[in-house]
Amino acid sequence: MSKTVTGIGYLLMILGLLVAVGGAYAASVYAILGGAGLAIIGYLLINIGFIIMGRKYHKGAWTATGVIGIIVFLLLVAALAVIAGAVASALSNMEMGEGMGGLESVMAGAAGMIGIAGILSFVWIIMEIIVLWSAAGYFGSGVLKGAAILKIIVLILSLVAVPVLAVSTGLSFMSGSPEATMALGATAIAVVGLDILLLIVSLILAGIGFLTAKEPTTYTAPAYTAQVAPPPPPA
20 MSKTVTGIGY
30 LLMILGLLVA
40 VGGAYAASVY
50 AILGGAGLAI
60 IGYLLINIGF
70 IIMGRKYHKG
80 AWTATGVIGI
90 IVFLLLVAAL
100 AVIAGAVASA
110 LSNMEMGEGM
120 GGLESVMAGA
130 AGMIGIAGIL
140 SFVWIIMEII
150 VLWSAAGYFG
160 SGVLKGAAIL
170 KIIVLILSLV
180 AVPVLAVSTG
190 LSFMSGSPEA
200 TMALGATAIA
210 VVGLDILLLI
220 VSLILAGIGF
230 LTAKEPTTYT
240 APAYTAQVAP
250 PPPPA
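Per our numbering: the sequence shown ends with 254, consecutive numbering throughout.
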C-alpha cells in the first residue's frame, strides 16, 4: 500500500506539472490552478508514502525525507498565509488613511520562512535521490535505479551546467559578440530543455518503479533436527 501511494504521488505530480505548463501556454488560469493542485497532492502523497515505507521497512532515511518534505510544504503555506494577511491588513489601513507600519517586519518573517523552506528543499532533493537509490536496491528495481541516476544527472545539470552557460552567455553579451552570444544562448536553452526532459522521465520512472516494486524476499534457513545415535547393542 505504501509503495502504491508513493507511485501514484509521483505520477500525479508529473501530470499536474504538465497540465500547469499547458495551461500557462494556453493562458488558462483554471488549468494552471488545477495542475498546481494535482502537483501539490502528488508531492504530499510522495512524502506520506516515504514516511509510511520508512516505518514499515525500518528505513530511517526514508522517514526523514518524508518529514522534511512535509515541513517544506507547511513552511511555504505559512509564509503565503502571512504575506496574504499582511497585504490585506496594509490595504485596509491605507483605505482608512493609516500607514503601513509593521509590514516590513512581517514580510521579513515570511521571507525567512521561505528561505528556510528553500534550504530544506535542497536537502530534500538530495535525500530523495538517496531514497530512490536505496529503494532500488531494497526492492531489486532497475526502474527505480534508473530514476535515481536521472535525478543525479538533473541535479548536476541544474547546479553546474545551466549556471555556467547562463554566466557565459551574459559575459559574451556584455563583450559585444553577438555570434558567440547566440551560440551560447542556444546551448543554454538546449541544456535547460534536456534538464527538464530528464526530470520528467525520472518522475515517471519513479512512479512506475514504486507501483511495480515487489516485496523483498526473505530467506528462511531450513530447520535441522539433531540425529541421536542409537545405543550400542548389549554385550
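We put the CB at the ideal spot given by N, CA and C, even for glycine.
Could you tell me which of the options sits nearest to residue i, measuring between CA atoms?
| i | options | result |
| --- | --- | --- |
| tyrosine 13 | Ala50, Ala80 and Leu31 | With the chain running from 20 to 254 in the structure shown, residue 13 is simply not present. |
| glycine 85 | Leu174, Ile145, Asp214 and Ile172 | Ile145 |
| valine 24 | Ile60, Tyr44 and Leu64 | Leu64 |
| lysine 78 | Glu147, Ile89, Ser111 and Ala109 | Glu147 |
| isoleucine 59 | Ile208, Tyr29, Gly212 and Met201 | Tyr29 |
| proline 235 | Met20, Tyr76, Leu93 and Val40 | Tyr76 |
Mind checking which residues open and close the alpha helix (DSSP H) that includes residue i?
| i | result |
| --- | --- |
| leucine 31 | 21 to 44 |
| lysine 75 | 48 to 75 |
| alanine 232 | Counting along the chain, alanine 232 falls outside any alpha helix (DSSP H), and DSSP gives it neither H nor E. |
| leucine 178 | Note, leucine 178: premise wrong, no alpha helix (DSSP H); not H, not E. |
Less than 9 Å separating the beta-carbons of residue i and residue j?
| i | j | result |
| --- | --- | --- |
| valine 48 | glycine 56 | no |
| alanine 98 | alanine 130 | yes |
| alanine 105 | valine 125 | yes |
| alanine 180 | valine 210 | yes |
| leucine 139 | isoleucine 87 | yes |
| isoleucine 33 | leucine 222 | yes |
| glycine 226 | isoleucine 27 | yes |
| leucine 95 | alanine 127 | no |
| tryptophan 230 | glycine 165 | The residue asked about is misnamed: residue 230 is leucine in this sequence, not tryptophan. Cβ distance not < 9 Å, so leucine 230 and glycine 165 don't count as in contact. |
Within a Cβ cutoff of 6 Å, which residues of the same chain sit near residue i, ignoring the five residues on either side of it in sequence?
| i | result |
| --- | --- |
| leucine 163 | Leu151, Ala154, Ala155 and Gly228 |
| valine 232 | The question names valine, but residue 232 is alanine in the sequence shown. Contacts found: Lys22, Phe158 and Ser160. |
| isoleucine 102 | Ala129 |
Among residues of its own chain, excluding the 5 on either side of residue i, which ones have a beta-carbon nearer than 8 Å to its beta-carbon?
| i | result |
| --- | --- |
| leucine 217 | Leu169, Ile172, Val173 and Leu176 |
| tryptophan 81 | Phe69, Ile70, Met72, Gly73, Val150, Ser153 and Ala154 |
Give every residue of the same chain whose Cβ lies closer than 7 Å to the Cβ of residue i, excluding the five residues on either side of it in the sequence, and list them in chain order.
| i | result |
| --- | --- |
| valine 38 | Ala50, Gly53, Gly54 and Leu57 |
| aspartate 214 | Val173, Leu176, Ser177 and Val181 |
| valine 220 | Leu169 |
Exercise. Enumerated in chain order, which unbroken segments of the beta strand (DSSP E) with a length of 3 residues or greater are wholly contained in the segment 85 to 141?
Worked result: You should have found no qualifying run.
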